[in-house]
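Residue numbers (mature numbering (1 follows the signal peptide of the UniProt record, and there is no 0)): -24 to -1, 1 to 748.
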């Protein structure tokens, strides 16, 4: 079946090649020899400008680099961007499509929608509010910009760690076609197609679509697999040049994923864990359920004994209208109106075994709307930007957790209360109908209804005192209103654990906040090739709710987080622009961190999310890129980061000795590429990309088992341009077959299990590209 599918796709491509009546450019459409490094344009400050003139720590992946480095999404990109960490699974979700991003040690690793991300993701200027659904394959992407440090002035809330700005290719006035067929290990079968077509002198369209298929690399003993792909993506754009002043751009996108669970295995076990012993004791007393037998582990590191849920999926649809109006030679106005709808599901078999120690299932349904206006002006000695932003979203979130399923029935099956008291007034568990038995119902459901609304106005100005000195000042004022209704249910006991809705006595949870985010910077243009800068900025991450409260008392909001950053850097080019050297140093003060904490109440110790943490982080980042000759280049980038807690309050997850999670001390990447001109139309491109990360913790408890080893990854790619219109590429990811995980949990003491969420092993493939 797979062979036939590949044959069909190949025939489609060949038929297009033979029949397309599309005029090809006389220029080679593949990489050419160059004698200077190409200028990189970024939109880190909402306007297009040279990277070398931008006083922000920014890393950029161009369309060509995305292809040549075998990058397919944010996760694979993160290995080659210093101080960027991306995981899909987060703390406990097992999600495959959730982008949980950390920059400079500042991030959010839980995709639950009652807590907001710390790093904002923007696609063509539109903010993606939820991490669920944000991890989709790159399609027709022109550039990915990683902005480090708080971006609160221009990008707004939830960018205290930074921002990821993804821009797809613009509609052009040329007729072009490009398609790539990729086949590889694990039965990979990918097909992408991009068509750009002018419809009239004023109207043009661009359509990109892709289908991705791949089998999972983690095998279950029952024959199922985890870690596969079954994705579809569509991006359609229509540009209308109304007149010389006004341009309208309509965008429509749709992505779907239908995958198995995140690839996970049982990393270690403890058959004598506390809850396993309790479960087996009650099972023996009540004879209601089968006891938990010893857990299965395997020498094969990619084998799992899981038999429960094996599904991750999402469907999202986005629409946007962008209007660009040139008022005069100095001023222009941009409007972006956007809508996005998300339907997401993710699940996992917590124990990776046939027994039912734990199964989790999460659903998110989200609709978001946004409107942004940017008024920009550029004059001889100064330029400025004024903006206004509106955002609202509605989220329905359902979480089903089934831990030690059947334990409640086992307690119910005990003939009488364990202390022998009458059933009408029991003082201990046991006996059918005993209300105290509900404490052992760990099959719970939480239903959240969330509404978030934000308003913001902002401004940003650069003033040039002289040809060499300039100052930048910016500020943003944000108001947020949030609302939560939450219900908690014990499903087997058929009891309502808590209810905070508009109909309940306590009512819904309705916090609001007003936040001011300033920034100030100074730039010194030493020469046309060298610029120094110093900036200070403040950003915030929204407050939120406890979406999984342990009791009615735990239903309460928490306040925003705040981060103040100081950064200095230099951007320079040398030897007639054949060497680029960019270096930055930073110092971060992160306060009011949203951490779980404990508090004594009349009902015992309640677990809350509270603003109790403070950290300090400092480090250095660098990027070197050079051309040794016209067809031979190297790049070397890295970061050194040191983060520490300076206050933890009453937090139960961390101490002052804890290390902030997902913050390696060293992250380094190196690349080398060499091209050979074989004849007038044929060229050979070779490339190696190496990445290194020092050890880091992937859980907040700093469990030794959840600490990664030193990670060294090597990717390779060889591309042969057969003509101006066709190329064939051979690639290998993880060439040395490094075994590593992107997330881990260690709950052996209580639950008896520890789990790894795995990254793919070595994977090779071949790609055929045709373009006109």
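C-beta: ideal position from N, C-alpha, C; glycine also.
For this session: Determine the direct distance from the alpha carbon of residue 76 to that of residue 642, and round the result to whole angstroms.
Result: 20 Å
Exercise. Where residue 619 and residue 539 are concerned, what is the direct C-alpha to C-alpha distance, given to the nearest angstrom?
Worked result: 13 Å
For this session: Assuming residue 202 and residue 239 form a contact by the criterion Cβ under 8 Å, report the distance between their Cβ atoms to the nearest whole angstrom.
Result: 4 Å
Problem set entry | Presumed contact (8 Å Cβ cut-off) between residue 81 and residue 639, rounded CB distance | 4 Å
Problem set entry | Through-space distance from residue 611 to residue 125, alpha-carbon basis | 23 Å
Problem set entry | Cut-off 7 Å between Cβ atoms - residues of its own chain near residue 387, not counting five sequence neighbours on either side | 258, 262, 405, 406, 413, 416
For this session: Run through the segment 383 to 409 for me and flag every whole alpha helix (DSSP H) of 4 or more residues, listed as ranges in chain order.
Result: 383 to 389
Exercise. Under 8 Å between the Cβ atoms of residue 501 and residue 537?
Worked result: no
Problem set entry | Selection from 186, 192, 199, 150 that minimises the alpha carbon distance to residue 763 | With the chain running from -24 to 748 in the structure shown, residue 763 is simply not present.
Exercise. Should residue 422 go down as buried or exposed, given a rule of 16 or more other Cβ atoms within 10 Å for buried?
Worked result: buried
Exercise. What residues in its chain sit with their C-beta under 6 Å from that of residue 375, if we drop five residues either side in the sequence?
Worked result: 338, 422
Problem set entry | Alpha-carbon spacing of residue 409 relative to residue 328, whole angstroms | 33 Å
Problem set entry | Own chain residues within Cβ distance below 7 Å of residue 116, not counting five before or after | 144, 145, 170, 184, 211
For this session: Quick one: using the 10 Å Cβ neighbour count with 16 as the cut-off for buried, is residue 92 buried or exposed?
Result: buried
For this session: Spell out the partners DSSP gives residue 77 in its beta bridges.
Result: 62
For this session: Could I get the ranges of all uninterrupted alpha helix (DSSP H) runs contained in the segment 585 to 638, with 4 residues as the minimum, in chain order?
Result: none
Exercise. Leaving out five residues before and five after residue 657 in sequence, what residues of the same chain have Cβ atoms less than 7 Å from its Cβ?
Worked result: 699, 700
Problem set entry | Sheet register partners of residue 289 (DSSP bridge) | 234, 321
Exercise. Which residues share a DSSP beta bridge with residue 494?
Worked result: 451
Exercise. Which same chain residues, not among the five before or five after residue 722, have their C-beta less than 6 Å away from its C-beta?
Worked result: 679, 681, 682, 730
For this session: Please work out which residues of its chain come closer than 6 Å, Cβ to Cβ, to residue 228, disregarding the five sequence neighbours upstream and downstream, and give them in chain order.
Result: 212, 295
Exercise. Looking at the structure shown, is residue 478 part of a helix, part of a strand, or coil, going by DSSP?
Worked result: coil
Exercise. Helix, strand or coil: which one does DSSP assign to residue 53?
Worked result: helix
Problem set entry | Exposure label - residue 51; buried when at least 16 CB within 10 Å | buried
Exercise. Apart from the five residues just before and just after residue 463, which ones in its own chain have a Cβ nearer than 6 Å to its Cβ?
Worked result: 423, 475
Exercise. Where does residue 7 sit, in a helix, a strand or coil, going by DSSP?
Worked result: Per-residue confidence for residue 7 stands at a pLDDT of 40, beneath the threshold of 50, marking its modelled position as unreliable; the derived number appears in the next sentence. The answer is coil: DSSP assigns residue 7 none of H, G, I, E or B.
Problem set entry | In DSSP terms, what residue 245 is bridged to | 729
Problem set entry | Between the CA atoms of residue 235 and residue 204 - distance to the nearest angstrom | 6 Å
Exercise. On the three-state DSSP scale, how would you describe residue 186?
Worked result: strand
Exercise. If you drop the 5 nearest sequence neighbours on each side, which residues of the same chain put their C-beta closer than 6 Å to that of residue 182?
Worked result: 147, 172, 213
Exercise. If you compare alpha carbons, which of 543, 286, 511, 121 is closest to residue 54?
Worked result: 121
Exercise. Just reading off the alpha helix (DSSP H) that residue 41 is part of, what are its end residues?
Worked result: 39 to 44
Exercise. Going by the C-beta, is residue 159 closer than 7 Å to any heavy atom of the ligand NAD?
Worked result: This structure simply doesn't include the ligand NAD, nor any ligand for that matter.
Exercise. Where do the ends of the beta strand (DSSP E) carrying residue 138 lie?
Worked result: 138 to 144
Problem set entry | Assigned secondary structure, residue 558 (DSSP; H/G/I helix, E/B strand, else coil) | strand
Exercise. Taking the alpha-carbon positions, what's the residue 470 to residue 668 distance?
Worked result: 51 Å
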